[in-house]
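Chemist: Pasting a structure below so you can have a look.
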Amino acid sequence: MLYYYSFTPRSPTINMKVWVDGCFDMFHYGHANALRQARHLGTHLTVGVHTDADILTHKGPCLMTQSERYYAVSQCRFVDEVAEGAPYVTSVKVMREHGCQVCVHGDDVVTGVDGGDVYAQVKEAGMYVEVKRTPAVSTTNLLQRMLSDSNSITCTSTTAITTNIGGTIDMQKICEFAIDCHLQPPPPLSRIVYIDGTFDLVHVGHLAALQEAKRLGDYLLVGVHDDRDVMEHAKKVPIMSMEERVLSLLACKHVDNVVIGAPYAITADFIHKHRISMIVVGHVFEYKPNSLDCYAVPRQLGLLHTLAPHAFSFVTVESILRRVVERRDEYVRRNAVKGQKDAAMRARGLV
Ligand code: CTP
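Take 384 as the starting number for the sequence shown in our numbering and just add one per residue.
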């Protein structure tokens, strides 16, 4: 078995195509970390993503639609190819159709609607490798954080979310993850584009904005506000801690570097120090207070650019929380069933 943070990259086997499949609902750094480890095992990574209908049958309702989930996975830097609509029960035939020789999965047992191990066939064929799951994050866990919040939210832009911030991660873990992202300093004379924000949940709305921002230059620098600043300025508690948000952002293929704890208001010194050519804002402001004109200096300098609406402009933290509120009972049931399944697996010593 390969271990999460003690994972040692090794020379990939020549032309080894790796397969990972899953729901990848509310794509997060735990998913990215599984894909990171899987990518090390070969020369090409295909990620099979299940349909909404299949997931509903086997697990319960998704929070993000299949087109949102396909897009989120495609934006991960460790992914070479997305196999849309991959079957929930993994089949050797489908893997072979994609030319994959090995299937990688986190170290939990996934059962289908009939209670059977969905990886039974690939395990029998000797094509299965396990990597250690990333602790303290999962779709179930993120949903739980949102379900706790959704009692108190009314989904207005001024609503303060009243929970503790989830998951803390130490620097060593961020560094290990970052090493595999192969971050490089900007080449001389490159056009550096800067975009900042809270990036809570690092959802498809953010990912599409990052993709658009990257198109405007050669190097994309992303500023992430720390939890204290978000609470002070936006009067909201982010659902993900800053460290979690940084890891999810690093996993995005368009991100060249991240400024951790970036200033809310952008100064001339900051622009100069980071050699920024253009400051980009989306047209949706999720966590920026109206009272503070954070972009006064870039505007004066003629460096501010507003992105055009993109395919996932309608996705915001608020709209995601609204989905949770609207289908609250279904998600509570989904998490309860998942919790029971996990407890049964633990009791049998399978996780
Ligand atoms: N994964 C992981 N670490 C996590 C979460 C997921 O390594 N913290 C891995 C899973 O083991 C799987 C892949 O990511 O190999 C896709 O997982 P998926 O089932 O889609 O997501 P989860 O976040 O585990 O969802 P849930 O909480 O519903 O099980």
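For every residue, glycine included, the Cβ atom is placed at its ideal position computed from N, Cα and C. Model, not experiment: these values are computed from the prediction.
From R705 to K721, what distance separates their C-alpha atoms?
Modeler: When rounded, the distance between both Cα atoms is 22 Å.
Chemist: Compute the beta-carbon to beta-carbon distance between L584 and M447, rounded to the nearest angstrom, for a pair I have assumed lies under 8 Å.
Modeler: Between M447 and L584 the Cβ distance is about 10 Å, and since that is not below 8 Å, they are no contact.
Chemist: When you compare only the Cα positions, how much space is there between V505 and L686?
Modeler: Cα-Cα distance, rounded: 53 Å.
Chemist: Ends of the beta strand (DSSP E) at Y577?
Modeler: Segment I575 to G580, the beta strand (DSSP E) holding Y577.
Chemist: For Q462, which residues of its own chain have a beta-carbon under 7 Å away from its beta-carbon, when the five flanking residues on both sides are left out?
Modeler: Contrary to the premise, residue 462 reads as Val rather than Gln in this sequence. These residues qualify, in order along the chain: L418, L428, V430 and V456.
Chemist: Reducing DSSP to helix, strand and coil, say where T537 ends up.
Modeler: Per-residue confidence for T537 stands at a pLDDT of 37, beneath the threshold of 50, marking its modelled position as unreliable; the derived number appears in the next sentence. In this structure, T537 counts as coil in the three-state DSSP scheme.
Chemist: For the alpha helix (DSSP H) holding N416, just list the boundary residues, first then last.
Modeler: Per DSSP, N416 belongs to the alpha helix (DSSP H) from Y412 to H423.
Chemist: Grab me the residues of V746's own chain with a C-beta within less than 8 Å of its C-beta, minus the 5 sequence neighbours each way, in chain order.
Modeler: Missing from the structure shown is residue 746; the chain here goes from 384 to 734 and no further.
Chemist: Quick one: residues in its chain with C-beta nearer than 7 Å to the C-beta of K636, no 5 flanking neighbours on either side, listed in chain order?
Modeler: Once the five neighbours on either side are set aside, the close Cβ partners of K636 are Q458, C459 and R460.
Chemist: Helix, strand or coil, according to DSSP, for I654 in the structure here?
Modeler: Helix at I654.
Chemist: Could you pull the start and end residues of the beta strand (DSSP E) that N640 belongs to?
Modeler: Its beta strand (DSSP E) spans residues N640 to I643.
Chemist: Which partner residues of D404 appear in the DSSP bridge assignment?
Modeler: Partner(s): G431.
Chemist: Within the same chain, show all residues whose beta-carbon is closer than 6 Å to that of F390, passing over the 5 residues directly before and after it, in chain order.
Modeler: Only weak support is given to the placement of F390: the predicted model assigns it a pLDDT of 35, under 50, and the value that follows is read from those uncertain coordinates. The answer, listed in chain order, is Q420.
Chemist: For G732, which residues does DSSP report across the bridge?
Modeler: Note: G732 sits in no beta bridge, so no partner.
Chemist: Rounded to the nearest angstrom, how far is the Cβ of A572 from that of R711, given a contact under 8 Å?
Modeler: In the sequence as displayed, the identity of residue 572 is Leu instead of Ala. Actually they do not touch by this definition, with Cβ atoms about 52 Å apart.
Chemist: So is P621 buried or exposed if we call it buried at 16+ other beta carbons inside 10 Å?
Modeler: Label assigned to P621: buried.
Chemist: So the candidates are V475, I438, R479 and S450; which of them puts its Cα closest to the Cα of V493?
Modeler: V493 has its Cα closest to that of I438, out of V475, I438, R479 and S450.
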